[in-house]
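Engineer: In the numbering used here, the protein residues as written are 1 to 262.
A single structure is presented below for examination.
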Amino acid sequence: MSRLAALLRSAQAAPPGAGRIATAVATGLVCHALFGLAVLAMIGAMFFGMSESFGRVPWPWAIVANTALLLQFPLVHSLLLGPGRRWLARLGQHGATLATTHYAVIAALQLLCLFALWTPSGIVWWRAQGGAFVALCLAYATSWLLLIKASWDAGVEVQSGALGWLSLAADRPPRFPDMPERGLFAIIRQPIYLAFALSLWTVPVWTPDQLAVALVLTAYCLLAPRLKERRFTQIYGARFQAYRARVPYILPRWPARGEPTP
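Below, the structure is given as C-alpha cells:
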C-alpha cells in the first residue's frame with residue numbers, strides 16, 4: 001500500500017506537461033476499464049462453466065474459433081513476458097514508461113476476448129445444487145480473494161498496470177517493487193498462478209468447454225512461471241536462488257516436526 005500511495009502522491013505533484021498528463025490519464029482509464037471488464041467477464045463466464053457467452057460461431061467452426069481464443073492467451077502472454085518486453089518498451093512515444101500499462105491492456109483484451117467471445121457448446125455435464133452449490137461458490141470466491149491477495153503482495157501497481165501511467169504522470173521512470181517474499185510469497189513462490197488455477201476448478205457448473213479451459217490454463221499456470229523465475233534468477237542472482245531453495249514452487253509444504261513455519 002505504501003508503494004502505491006507514494007506513486008499516487010508523486011502523480012498528484014507532477015511537474016507541468018498537459019500533453020504528458022493527458023496521455024497518462026487517458027491510458028490509465030483505458031487500462032483499468034478493460035481490466036475491470038476482463039475480470040467481470042472471466043468471473044461470470046467460468047461461474048456458468050463457459051455455457052454463457054456472446055460467441056455465436058457456427059459449429060464445427062466454433063471448435064477452431066474457441067481453440068484460437070484459448071491458445072492466444074498463454075502464447076501471447078508468455079511472449080510479452082519474454083522477448084516481447086522489448087517490443088512493449090518501443091510501443092509509442094512513452095513506451096518504456098508505459099510498458100507495464102500496455103502489458104495490462106493487452107492481457108485484459110486477451111482475457112476479454114477469451115471469456116466474452118467463446119462459443120458455448122450447449123452441453124452441460126453437471127450443475128451443482130444445494131450444499132454442493134454453496135460449497136463451490138465459497139471455494140470459487142475464496143480462490144478470487146487469494147488471487148487479489150497474491151496480486152497485492154506481488155505489487156498491485158505492476159499487476160494492475162498502474163505503475164506505467166502513474167509514472168508517466170509523475171514524469172519519472174517506473175520504479176518496480178522488490179522481489180516479493182512476504183505474504184503469500186512466503187508460503188509458495190507462485191501464489192498468483194495457484195490462485196488462478198484454483199478458480200478454474202472450483203466452478204459450480206461443468207461443461208466440456210470449462211474442462212478445456214481449465215486443462216489448458218492450468219498447464220499454463222504450472223509451466224509459465226518457469227520463464228518468470230529464469231528472469232528473476234538473472235535479476236536477483238543468489239538472493240533468488242536462496243529464496244527458491246527455501247520456498248516451494250506452487251504447493252505449500254507442511255513443515256517438518258520442529259521446523260519453524262514461514
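Built from N, CA and C at the ideal position, the CB exists for glycine as well.
1) Between the alpha carbons of P252 and I188, how many angstroms are there, rounded?
2) Excluding five sequence neighbours on each side, which residues of the same chain lie with their C-beta closer than 6 Å to the C-beta of A128?
3) Can you check the stretch 10 to 55 for any alpha helix (DSSP H) of at least 4 residues that lies completely inside it and give the ranges in chain order?
4) Which residues bound the alpha helix (DSSP H) around T67?
5) How would you label T67, buried or exposed, when you count the other beta carbons within 10 angstroms and need 16 or more for buried?
6) In the DSSP assignment, find the alpha helix (DSSP H) that holds H102 and state where it starts and stops.
7) To which residues does DSSP link R127 through a beta bridge?
8) What's the call for Q72, buried or exposed, on a 16-neighbour Cβ count within 10 Å?
9) Determine the extent of the alpha helix (DSSP H) in which Q190 is found, giving its start and end residues.
10) Would you check if there are 3 or more beta carbon pairs closer than 8 Å linking the stretch 176 to 195 to the stretch 23 to 42?
11) Output the boundary residues of the alpha helix (DSSP H) element that contains T119.
12) Just the C-alpha distance for A6 and W201, rounded to the nearest angstrom, thanks.
13) Is E176 helix, strand or coil by DSSP?
14) Taking just the CA atoms, how far does Q190 sit from A139?
15) Between which two residues does the alpha helix (DSSP H) holding L168 run?
16) To the nearest angstrom, how far is the alpha carbon of A62 from that of M50?
17) Which term fits V213, buried or exposed, when burial requires 16 or more other beta carbons within 10 angstroms of its beta carbon?
18) Within the same chain, show all residues whose beta-carbon is closer than 6 Å to that of I43, passing over the 5 residues directly before and after it, in chain order.
19) Sorted by chain position, which residues of the same chain lie with C-beta nearer than 7 Å to T27's C-beta, five sequence neighbours on each side aside?
20) Determine the extent of the alpha helix (DSSP H) in which I235 is found, giving its start and end residues.
21) Using only alpha-carbon positions, find the residue among T218, A107, H94 that is nearest to L80.
22) Answer with buried or exposed for D263, where buried requires no fewer than 16 other C-beta atoms within 10 angstroms of its C-beta.
23) Determine the direct distance from the alpha carbon of R90 to that of L227, and round the result to whole angstroms.
24) In this structure, does DSSP put E181 in helix, strand or coil?
Structural biologist: Let me lay it out:
1) 6 Å
2) L136, P204
3) 18 to 47
4) 61 to 81
5) exposed
6) 95 to 116
7) V205
8) exposed
9) Per DSSP, Q190 belongs to no alpha helix (DSSP H) and is neither H nor E.
10) no
11) First-last for T119: undefined, no H or E at that position.
12) 37 Å
13) Correcting the residue type first, residue 176 is Phe in the shown sequence and not Glu. Three-state result, F176: coil.
14) 19 Å
15) 162 to 170
16) 13 Å
17) buried
18) none
19) L98, T101, W165
20) 225 to 236
21) A107
22) Here the chain has residues from 1 to 262 only, and residue 263 is not among them.
23) 22 Å
24) coil
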